[in-house]
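Participant: Right, I'll just put the structure down here and ask away after.
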Amino acid sequence: MEQNISLILSRHGETEENKLRIMQGQMPGHLSELGKQQAEQLADLLEKEEIDIIVSSDLARSYDTAMAVARRKGLEPVQTPLLREMDWGVYTGKVANELDFKKLPESVESLEALYKRAGEFLQFLQTNFPGKRILAIGHGGFNRAIIVRIEKRQQEDILKLPIMKNTACLRFSI
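When the count follows UniProt numbering, it moves up by one through the sequence shown with no breaks and lands on 174 for the last residue.
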């Protein structure tokens, strides 16, 4: 019998790169002062929440956000590259201009690859943490792929969802 996971999906705090509209992709990122405050506010919000496991992307901006909650919960975040942001390929580190998402260069991670990785992430949770209450701290773009997978929607729907606000929380039972 499969045990349901209670999942709180969040996004890292604001980064210096976010402020400059830099496409971070799989760069580590640096939390801004506001981002550090947002991480502490997330910890405040989740103060009374029962959380068994904190999973974060292995990129610094997500891990640093996760640590704000983890310190208060006495937990050590489990880092995984499965939760990393979309790889922006040749656009990584560049300022976000209007990109044609229908005609991205091959170096950019495809919607198909994002969709597949989101499924692998959810399988990782079900295999390693069945029945647990999990806080997962990821990234604006990739979290959309996770939501689409949970809601059993088509991969094209990834682009239809809004980007999560920094440290926003969405709750799911998976």
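No residue lacks a Cβ here, since even glycine has one placed at the ideal position from N, Cα and C.
Quantities reported herein were computed from a predicted structural model and do not represent experimental measurements.
When the Cα atoms are used, what is the spatial distance from Leu34 to Gly13?
Facilitator: Along the sequence shown, one-based indexing puts residue 34 at 34. Along the sequence shown, one-based indexing puts residue 13 at 13. If you take the alpha carbons of Leu34 and Gly13, they lie about 8 angstroms apart.
Participant: Could you check the C-alpha separation between Trp88 and Gln26 for me, to the nearest Å?
Facilitator: Looking up residue 88 in the sequence shown gives position 88. Looking up residue 26 in the sequence shown gives position 26. Cα to Cα, Trp88 sits roughly 8 angstroms from Gln26.
Participant: Using 8 angstroms as the threshold, is the C-beta distance between Arg39 and Leu45 below it?
Facilitator: Residue mapping note: residue 39 aligns to position 39 of the sequence shown, counting from 1. Residue mapping note: residue 45 aligns to position 45 of the sequence shown, counting from 1. As written in the sequence, residue 39 is Ala, which differs from the Arg given in the question. It is not a contact, given that the beta carbons lie outside the stated cut-off.
Participant: DSSP beta-bridge partners for Gly138?
Facilitator: In the sequence shown, the residue the question calls residue 138 occupies position 138. Its beta-bridge partners are Arg11.
Participant: List the endpoints of the continuous alpha helix (DSSP H) containing Thr127.
Facilitator: Taking the sequence shown and counting its residues from 1, the one referred to as residue 127 is at position 127. Note, Thr127: alpha helix (DSSP H), 111-128.
Participant: Since Ile5 and Gly119 are thought to touch, with beta carbons under 8 angstroms apart, how far apart are those beta carbons, to the nearest angstrom?
Facilitator: The count along the sequence shown starts at 1 and reaches residue 5 at position 5. The count along the sequence shown starts at 1 and reaches residue 119 at position 119. Contact flag wrong, Cβ pair sits at about 14 angstroms.
Participant: Could you say which of Val69, Ala113, Val95, Gly93 lies nearest to Glu47 if we only look at CA atoms?
Facilitator: Sequence index remark: in the sequence shown, residue 47 carries index 47 (1-based). Of the candidates Val69, Ala113, Val95, Gly93, the one whose C-alpha sits nearest the C-alpha of Glu47 is Val69.
Participant: Opposite Ser6 in the DSSP bridges: which residues?
Facilitator: Residue mapping note: residue 6 aligns to position 6 of the sequence shown, counting from 1. DSSP lists Arg133, Ser173 as partners of Ser6.
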